[in-house]
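Engineer:
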Amino acid sequence: GYGGPAHSHIIMAAANQAASRILPKLVIAAAAAGGTLFACHHLENQRRILDGKSDGCVSSTLPGALSSLQTSGVAIVGNLRLTPNMVNEVKNMPAANSIPTQLKRRQPQQRRRGPPGANMMPQDEPWRLSAYGRYHCLENHLGDEDIRVLEQIEQQILPLVQSFFREGDGDESLESSNTTTKTTTSTTNTIIDGVYRSELQLMTAVPGSGNQSWHKDNRARGLSIIIPLVDFTPENGGTQLLLGSHNNNWPLFANGGARVIRAPTGSVVAYDSRTVHRGLGNETSEGRPALIFCYDRVETPPPGCGTLGSVGTSYQGRLVDILTGARNVLSPK
(Lines of atoms letter the chains of each structure in order from A and count residues from 1; the text may use other names and numbers.)
(Lines give C-alpha, C1' and ligand atoms only; values in the text may rest on other atoms or scores of the structure.)
Protein backbone atom coordinates (compact mmCIF):
# COMPACT_ATOMS: atom_id res chain seq x y z
CA GLY A 1 0.00 0.00 0.00
CA TYR A 2 0.83 3.67 -0.09
CA GLY A 3 3.09 4.98 2.70
CA GLY A 4 6.06 3.41 4.29
CA PRO A 5 9.28 4.98 5.59
CA ALA A 6 9.60 7.40 2.73
CA HIS A 7 6.11 8.84 3.33
CA SER A 8 6.77 9.17 7.09
CA HIS A 9 10.02 10.96 6.34
CA ILE A 10 8.20 13.46 4.14
CA ILE A 11 5.59 14.12 6.88
CA MET A 12 8.29 14.59 9.52
CA ALA A 13 10.24 16.96 7.29
CA ALA A 14 7.11 19.03 6.66
CA ALA A 15 6.32 19.13 10.38
CA ASN A 16 9.86 20.22 11.23
CA GLN A 17 9.75 22.90 8.57
CA ALA A 18 6.41 24.21 9.91
CA ALA A 19 7.75 24.16 13.47
CA SER A 20 10.86 26.05 12.42
CA ARG A 21 8.63 28.78 10.99
CA ILE A 22 6.09 28.90 13.85
CA LEU A 23 8.37 28.47 16.89
CA PRO A 24 10.27 31.78 16.50
CA LYS A 25 6.95 33.60 16.13
CA LEU A 26 5.65 31.96 19.31
CA VAL A 27 8.82 32.93 21.17
CA ILE A 28 8.51 36.52 19.95
CA ALA A 29 4.81 36.62 20.90
CA ALA A 30 5.54 35.22 24.36
CA ALA A 31 8.38 37.69 24.88
CA ALA A 32 6.13 40.55 23.74
CA ALA A 33 3.35 39.44 26.09
CA GLY A 34 5.76 39.13 28.99
CA GLY A 35 7.29 42.50 28.21
CA THR A 36 3.85 44.10 28.01
CA LEU A 37 2.84 42.63 31.37
CA PHE A 38 6.10 43.81 32.94
CA ALA A 39 5.69 47.29 31.45
CA CYS A 40 2.08 47.53 32.64
CA HIS A 41 3.10 46.43 36.12
CA HIS A 42 5.89 49.04 36.16
CA LEU A 43 3.62 51.81 34.88
CA GLU A 44 0.86 50.92 37.33
CA ASN A 45 3.27 51.09 40.25
CA GLN A 46 4.61 54.57 39.57
CA ARG A 47 4.10 56.89 42.53
CA ARG A 48 3.91 60.40 41.10
CA ILE A 49 3.48 62.96 43.84
CA LEU A 50 0.54 65.35 44.01
CA ASP A 51 2.39 68.66 43.70
CA GLY A 52 0.31 71.44 45.21
CA LYS A 53 2.14 74.18 43.31
CA SER A 54 1.59 72.85 39.80
CA ASP A 55 -1.64 70.94 40.43
CA GLY A 56 -3.31 73.68 42.49
CA CYS A 57 -4.66 71.18 45.02
CA VAL A 58 -3.14 72.76 48.14
CA SER A 59 -5.02 75.71 49.58
CA SER A 60 -4.83 77.74 52.77
CA THR A 61 -8.37 79.12 52.39
CA LEU A 62 -11.84 77.58 52.31
CA PRO A 63 -12.81 79.16 48.96
CA GLY A 64 -9.57 77.89 47.43
CA ALA A 65 -10.25 74.37 48.73
CA LEU A 66 -13.79 74.40 47.33
CA SER A 67 -12.48 75.54 43.95
CA SER A 68 -9.90 72.72 43.91
CA LEU A 69 -12.55 70.17 44.84
CA GLN A 70 -14.74 71.42 42.02
CA THR A 71 -11.93 71.27 39.43
CA SER A 72 -9.66 68.35 40.33
CA GLY A 73 -11.76 66.53 42.92
CA VAL A 74 -9.17 66.84 45.71
CA ALA A 75 -7.86 69.52 48.07
CA ILE A 76 -5.29 69.65 50.87
CA VAL A 77 -6.59 72.34 53.22
CA GLY A 78 -3.71 74.00 55.05
CA ASN A 79 -5.67 76.19 57.47
CA LEU A 80 -7.58 73.22 58.93
CA ARG A 81 -4.51 71.18 59.88
CA LEU A 82 -4.67 69.55 63.34
CA THR A 83 -2.34 70.82 66.06
CA PRO A 84 0.25 68.40 67.53
CA ASN A 85 -1.81 68.24 70.74
CA MET A 86 -4.91 67.17 68.79
CA VAL A 87 -2.91 64.47 66.97
CA ASN A 88 -1.50 63.18 70.27
CA GLU A 89 -4.99 63.00 71.75
CA VAL A 90 -6.06 60.80 68.84
CA LYS A 91 -3.00 58.57 69.23
CA ASN A 92 -3.83 58.12 72.92
CA MET A 93 -7.41 56.95 72.27
CA PRO A 94 -8.28 53.43 73.48
CA ALA A 95 -8.83 52.27 69.87
CA ALA A 96 -5.41 53.58 68.86
CA ASN A 97 -3.77 51.45 71.56
CA SER A 98 -4.96 48.31 69.77
CA ILE A 99 -3.98 49.41 66.27
CA PRO A 100 -2.27 46.58 64.31
CA THR A 101 1.44 47.09 63.68
CA GLN A 102 2.11 44.04 61.52
CA LEU A 103 0.30 41.60 59.28
CA LYS A 104 -2.09 39.35 61.16
CA ARG A 105 -2.49 35.69 60.36
CA ARG A 106 -6.11 34.66 60.14
CA GLN A 107 -7.39 31.26 61.18
CA PRO A 108 -8.89 29.14 58.36
CA GLN A 109 -12.41 29.45 59.78
CA GLN A 110 -12.11 33.25 59.62
CA ARG A 111 -11.65 33.32 55.86
CA ARG A 112 -14.66 34.17 53.72
CA ARG A 113 -15.28 34.93 50.09
CA GLY A 114 -16.11 38.36 48.77
CA PRO A 115 -15.51 40.80 45.92
CA PRO A 116 -12.18 42.69 45.69
CA GLY A 117 -12.01 45.37 48.36
CA ALA A 118 -14.70 43.77 50.52
CA ASN A 119 -14.23 43.49 54.28
CA MET A 120 -12.51 40.13 54.63
CA MET A 121 -12.64 39.77 58.41
CA PRO A 122 -15.67 38.57 60.40
CA GLN A 123 -18.20 41.22 61.38
CA ASP A 124 -17.29 40.98 65.07
CA GLU A 125 -13.58 41.70 64.48
CA PRO A 126 -12.71 45.25 65.61
CA TRP A 127 -10.01 45.57 62.92
CA ARG A 128 -11.17 44.52 59.46
CA LEU A 129 -9.28 44.16 56.18
CA SER A 130 -10.06 46.04 52.98
CA ALA A 131 -6.88 44.82 51.26
CA TYR A 132 -3.78 42.89 52.28
CA GLY A 133 -2.35 44.61 55.39
CA ARG A 134 -4.95 47.44 55.47
CA TYR A 135 -6.90 47.43 58.73
CA HIS A 136 -10.00 49.48 59.56
CA CYS A 137 -11.71 50.07 62.92
CA LEU A 138 -15.21 51.27 62.01
CA GLU A 139 -17.48 53.50 64.08
CA ASN A 140 -19.50 50.60 65.52
CA HIS A 141 -16.29 49.28 67.12
CA LEU A 142 -15.14 52.63 68.54
CA GLY A 143 -15.77 53.29 72.23
CA ASP A 144 -17.38 56.35 73.80
CA GLU A 145 -14.01 57.96 74.53
CA ASP A 146 -12.89 57.36 70.93
CA ILE A 147 -16.08 58.95 69.59
CA ARG A 148 -15.69 61.93 71.91
CA VAL A 149 -12.17 62.64 70.67
CA LEU A 150 -13.04 62.16 67.01
CA GLU A 151 -16.15 64.34 67.18
CA GLN A 152 -14.00 67.10 68.63
CA ILE A 153 -11.74 66.72 65.60
CA GLU A 154 -14.83 66.79 63.41
CA GLN A 155 -15.75 70.26 64.64
CA GLN A 156 -12.60 71.56 62.97
CA ILE A 157 -13.53 70.21 59.53
CA LEU A 158 -17.27 70.94 59.63
CA PRO A 159 -16.96 74.39 57.96
CA LEU A 160 -15.47 72.67 54.91
CA VAL A 161 -18.12 69.93 54.92
CA GLN A 162 -21.02 72.37 55.25
CA SER A 163 -19.66 74.69 52.57
CA PHE A 164 -19.07 71.80 50.17
CA PHE A 165 -22.69 70.61 50.34
CA ARG A 166 -24.19 74.08 50.33
CA GLU A 167 -22.18 74.90 47.21
CA GLY A 168 -23.40 71.81 45.31
CA ASP A 169 -22.85 71.22 41.62
CA GLY A 170 -24.85 70.55 38.51
CA ASP A 171 -24.68 66.76 38.77
CA GLU A 172 -26.57 66.29 42.03
CA SER A 173 -30.11 66.43 40.68
CA LEU A 174 -29.25 63.76 38.09
CA GLU A 175 -27.60 61.58 40.73
CA SER A 176 -30.61 61.86 43.04
CA SER A 177 -33.01 60.84 40.25
CA ASN A 178 -30.85 57.86 39.26
CA THR A 179 -30.41 56.51 42.79
CA THR A 180 -33.40 54.73 44.29
CA THR A 181 -31.75 53.34 47.44
CA LYS A 182 -32.78 55.15 50.62
CA THR A 183 -30.98 55.23 53.95
CA THR A 184 -32.40 54.94 57.44
CA THR A 185 -29.33 56.36 59.15
CA SER A 186 -29.71 57.86 62.60
CA THR A 187 -30.27 61.62 62.70
CA THR A 188 -27.55 61.87 65.37
CA ASN A 189 -25.03 61.89 62.50
CA THR A 190 -26.79 64.70 60.61
CA ILE A 191 -24.38 67.52 59.71
CA ILE A 192 -26.73 69.85 57.84
CA ASP A 193 -30.23 69.26 56.51
CA GLY A 194 -30.14 66.18 54.28
CA VAL A 195 -26.44 65.43 54.88
CA TYR A 196 -25.09 62.89 57.34
CA ARG A 197 -21.77 61.38 58.40
CA SER A 198 -21.77 58.04 56.62
CA GLU A 199 -18.43 56.81 57.91
CA LEU A 200 -16.04 57.42 60.79
CA GLN A 201 -13.04 55.19 61.21
CA LEU A 202 -9.45 54.75 62.30
CA MET A 203 -7.32 52.82 59.80
CA THR A 204 -3.74 51.80 59.19
CA ALA A 205 -1.58 50.26 56.47
CA VAL A 206 1.06 48.09 58.11
CA PRO A 207 4.53 47.46 56.64
CA GLY A 208 4.31 45.08 53.70
CA SER A 209 0.66 45.88 52.98
CA GLY A 210 -0.67 45.68 49.42
CA ASN A 211 -2.47 48.06 47.08
CA GLN A 212 -6.21 48.52 47.25
CA SER A 213 -8.32 48.11 44.13
CA TRP A 214 -9.26 51.37 42.42
CA HIS A 215 -12.69 52.47 43.65
CA LYS A 216 -15.06 55.33 44.39
CA ASP A 217 -16.50 55.96 47.84
CA ASN A 218 -19.84 56.85 46.27
CA ARG A 219 -21.32 57.10 42.79
CA ALA A 220 -23.07 60.30 43.92
CA ARG A 221 -21.44 63.52 45.06
CA GLY A 222 -20.20 63.41 48.64
CA LEU A 223 -17.10 64.36 50.62
CA SER A 224 -14.40 62.11 52.05
CA ILE A 225 -11.73 63.45 54.39
CA ILE A 226 -8.49 61.74 55.39
CA ILE A 227 -6.35 63.03 58.26
CA PRO A 228 -2.88 61.44 58.36
CA LEU A 229 -1.61 60.57 61.85
CA VAL A 230 1.93 60.30 60.41
CA ASP A 231 3.39 61.99 57.35
CA PHE A 232 1.85 60.64 54.13
CA THR A 233 4.53 59.81 51.56
CA PRO A 234 4.68 57.78 48.34
CA GLU A 235 6.85 55.25 50.18
CA ASN A 236 4.39 54.53 53.00
CA GLY A 237 1.41 54.31 50.63
CA GLY A 238 -0.33 57.67 50.78
CA THR A 239 -3.69 57.76 48.98
CA GLN A 240 -3.43 57.75 45.18
CA LEU A 241 -6.11 59.59 43.20
CA LEU A 242 -7.05 60.11 39.55
CA LEU A 243 -7.44 63.87 39.25
CA GLY A 244 -10.65 64.94 37.51
CA SER A 245 -12.26 61.49 37.73
CA HIS A 246 -15.10 62.86 39.91
CA ASN A 247 -16.72 64.57 36.91
CA ASN A 248 -15.05 62.67 34.04
CA ASN A 249 -12.75 65.58 33.24
CA TRP A 250 -10.79 63.64 30.63
CA PRO A 251 -8.28 66.39 29.75
CA LEU A 252 -7.33 66.57 33.45
CA PHE A 253 -7.35 62.76 33.56
CA ALA A 254 -4.83 62.66 30.73
CA ASN A 255 -2.59 65.46 31.98
CA GLY A 256 -2.77 64.75 35.69
CA GLY A 257 -3.01 60.99 35.83
CA ALA A 258 -2.64 59.13 39.11
CA ARG A 259 -1.09 61.20 41.88
CA VAL A 260 -0.05 60.20 45.41
CA ILE A 261 -0.85 62.43 48.36
CA ARG A 262 2.20 63.75 50.19
CA ALA A 263 1.04 65.56 53.31
CA PRO A 264 2.39 66.16 56.83
CA THR A 265 0.83 64.75 59.98
CA GLY A 266 -2.53 66.30 60.86
CA SER A 267 -3.26 67.59 57.35
CA VAL A 268 -6.85 67.68 56.12
CA VAL A 269 -7.00 65.90 52.76
CA ALA A 270 -10.48 66.18 51.21
CA TYR A 271 -11.73 64.62 48.00
CA ASP A 272 -15.04 64.30 46.17
CA SER A 273 -16.50 60.84 46.90
CA ARG A 274 -16.78 60.19 43.15
CA THR A 275 -13.01 60.49 42.70
CA VAL A 276 -11.41 57.21 41.66
CA HIS A 277 -8.69 56.39 44.18
CA ARG A 278 -6.90 53.68 46.12
CA GLY A 279 -4.58 53.24 49.07
CA LEU A 280 -1.09 52.06 48.14
CA GLY A 281 1.02 49.42 49.79
CA ASN A 282 3.32 50.49 52.62
CA GLU A 283 6.97 49.95 51.65
CA THR A 284 8.44 51.32 54.90
CA SER A 285 9.09 49.70 58.29
CA GLU A 286 6.46 51.77 60.14
CA GLY A 287 2.65 51.78 60.01
CA ARG A 288 0.64 54.52 58.30
CA PRO A 289 -2.41 55.30 60.49
CA ALA A 290 -5.07 57.83 59.53
CA LEU A 291 -8.58 59.03 60.35
CA ILE A 292 -11.36 58.87 57.77
CA PHE A 293 -14.58 60.90 57.79
CA CYS A 294 -17.16 60.49 55.01
CA TYR A 295 -20.25 62.62 54.38
CA ASP A 296 -23.13 61.95 51.99
CA ARG A 297 -26.65 63.06 51.23
CA VAL A 298 -29.43 61.03 52.81
CA GLU A 299 -31.03 60.32 49.42
CA THR A 300 -27.74 59.10 47.88
CA PRO A 301 -26.01 56.86 50.44
CA PRO A 302 -22.79 55.05 49.52
CA PRO A 303 -21.68 53.17 47.54
CA GLY A 304 -24.40 53.88 44.98
CA CYS A 305 -23.39 50.94 42.73
CA GLY A 306 -23.28 47.15 42.79
CA THR A 307 -20.48 44.63 42.34
CA LEU A 308 -20.33 45.07 38.55
CA GLY A 309 -20.02 48.83 38.93
CA SER A 310 -17.21 48.39 41.45
CA VAL A 311 -15.35 45.98 39.16
CA GLY A 312 -15.80 48.38 36.25
CA THR A 313 -14.36 51.26 38.28
CA SER A 314 -11.40 49.10 39.31
CA TYR A 315 -10.51 48.27 35.70
CA GLN A 316 -11.13 51.85 34.58
CA GLY A 317 -8.69 53.05 37.23
CA ARG A 318 -6.04 50.54 36.21
CA LEU A 319 -6.37 51.41 32.52
CA VAL A 320 -6.15 55.18 33.07
CA ASP A 321 -3.24 54.70 35.49
CA ILE A 322 -1.29 52.64 32.94
CA LEU A 323 -2.02 54.95 30.00
CA THR A 324 -1.16 58.14 31.86
CA GLY A 325 1.93 56.45 33.30
CA ALA A 326 3.05 55.59 29.77
CA ARG A 327 2.39 59.16 28.67
CA ASN A 328 4.51 60.45 31.54
CA VAL A 329 7.40 58.14 30.61
CA LEU A 330 7.27 59.07 26.92
CA SER A 331 6.66 62.80 27.44
CA PRO A 332 7.94 63.76 30.90
CA LYS A 333 7.22 67.32 32.04
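Its first residue numbered 1, the sequence shown is counted upward by one per residue in my numbering. Backbone N, C-alpha and C define an ideal beta-carbon position, used for all residues, glycine too. The structure presented is a predicted model; accordingly, all values stated were derived computationally and were not measured.
Just verifying my parser: in three-state terms, what is the DSSP assignment at residue 200?
Structural biologist: In the structure shown, residue 200 sits in a strand (DSSP, three-state: E or B).
Engineer: Tell me, please, whether the region 266-283 touches the region 238-251 by the rule of three or more beta-carbon pairs shorter than 8 Å.
Structural biologist: With the cut-off at 8 Å, the region 266-283 and the region 238-251 touch.
Engineer: Expressed to the nearest angstrom, what Euclidean distance is found between the alpha-carbon atoms of residue 90 and residue 229?
Structural biologist: Cα to Cα, residue 90 sits roughly 8 Å from residue 229.
Engineer: Cutting at 7 Å between CB atoms, please list the residues of its own chain near residue 163, excluding the five before and the five after it.
Structural biologist: 62 and 66.
Engineer: At the level of alpha carbons, what is the spacing between residue 289 and residue 20?
Structural biologist: The straight-line gap from Cα to Cα measures roughly 58 Å.
Engineer: Anyone know if the C-beta pair for residue 227 and residue 271 falls short of 9 Å?
Structural biologist: No, Cβ-Cβ distance for residue 227 and residue 271 is not below 9 Å.
Engineer: Rounded to a whole number of angstroms, what is the C-alpha to C-alpha distance between residue 161 and residue 207?
Structural biologist: Distance between the alpha carbons of residue 161 and residue 207 is about 32 Å.
Engineer: Considering only residues of the same chain and omitting the five flanking positions on each side of residue 262, which have a CB-CB separation below 7 Å?
Structural biologist: The answer, listed in chain order, is 49, 50, 232, 233, 234 and 238.
Engineer: Since I believe residue 218 is in contact with residue 273 (beta carbons under 8 Å), could you give me their beta-carbon distance rounded to a whole number of angstroms?
Structural biologist: Sure, about 4 Å apart at Cβ, within 8 Å.
Engineer: Determine whether the Cβ of residue 242 lies closer than 9 Å to any Cβ atom of chain B.
Structural biologist: Protein chain content of the structure displayed is limited to a single chain, and chain B is not contained in it.
Engineer: Name the two residues that bound the continuous alpha helix (DSSP H) containing residue 166.
Structural biologist: Run containing residue 166: 144-167, per the alpha helix (DSSP H) assignment.
Engineer: Does the count of Cβ pairs from the region 197-205 and the region 287-304 closer than 8 Å reach three?
Structural biologist: Yes, the region 197-205 touches the region 287-304.
Engineer: Quick one: does the C-beta of residue 270 sit closer than 8 Å to a heavy atom of the ligand NAP?
Structural biologist: The model on display carries no ligand, and the ligand NAP is accordingly not part of it.
Engineer: Could you have a look at residue 33 and say whether DSSP puts it in helix, strand or coil?
Structural biologist: Any reading at residue 33 must be qualified, since the residue scores a pLDDT of 47, below 50, and its modelled position is unreliable; no value is offered.
Engineer: Whole angstroms is fine: what's the gap from residue 209's alpha carbon to residue 17's?
Structural biologist: Their Cα atoms are separated by approximately 51 Å.
Engineer: With burial defined as no fewer than 16 other Cβ atoms inside 10 Å of the residue's Cβ, what is the status of residue 302: buried or exposed?
Structural biologist: Residue 302 should be labelled buried.
Engineer: Can you tell me whether DSSP reads residue 222 as helix, strand or coil?
Structural biologist: Coil.
Engineer: Have a look at 81, 212 and 47 and flag the residue whose alpha-carbon is nearest the alpha-carbon of residue 264.
Structural biologist: Looking at the Cα atoms, 81 is the closest of the given residues.
Engineer: With DSSP as the reference, label residue 87 as helix, strand or coil.
Structural biologist: Residue state, collapsed to three classes: helix.
Engineer: Straight-line CA distance for residue 257 to residue 300?
Structural biologist: Each residue's alpha carbon lies about 28 Å from the other.
Engineer: With distance defined between alpha-carbon atoms, name the residue in 155, 259, 190 and 214 nearest to residue 86.
Structural biologist: Ranking 155, 259, 190 and 214 by Cα distance to residue 86 puts 155 first.
Engineer: Determine the DSSP secondary structure at residue 103, reduced to helix, strand or coil.
Structural biologist: It is coil, neither helix nor strand.
Engineer: Taking the C-alpha atoms as reference points, what is the distance between residue 68 and residue 244?
Structural biologist: Their Cα atoms are separated by approximately 10 Å.
Engineer: Quick one: is residue 315 buried, meaning 16 or more other Cβ sit within 10 Å of its Cβ, or exposed?
Structural biologist: Exposed, since its Cβ has fewer than 16 Cβ neighbours within 10 Å.
Engineer: For residue 134, which option in 247, 236 and 259 has the closest C-alpha, if you only look at C-alpha atoms?
Structural biologist: Considering only alpha carbons, the answer is 236.
Engineer: Nearest to residue 293 by CA position, among 312, 168, 307 and 197, is which residue?
Structural biologist: Looking at the Cα atoms, 197 is the closest of the given residues.
Engineer: Which residue marks the beginning of the alpha helix (DSSP H) containing residue 71, and which one marks its end?
Structural biologist: Start and end: 62-71.
Engineer: Tell me the rounded alpha-carbon separation between residue 94 and residue 145.
Structural biologist: Residue 94 and residue 145: Cα-Cα distance of roughly 7 Å.
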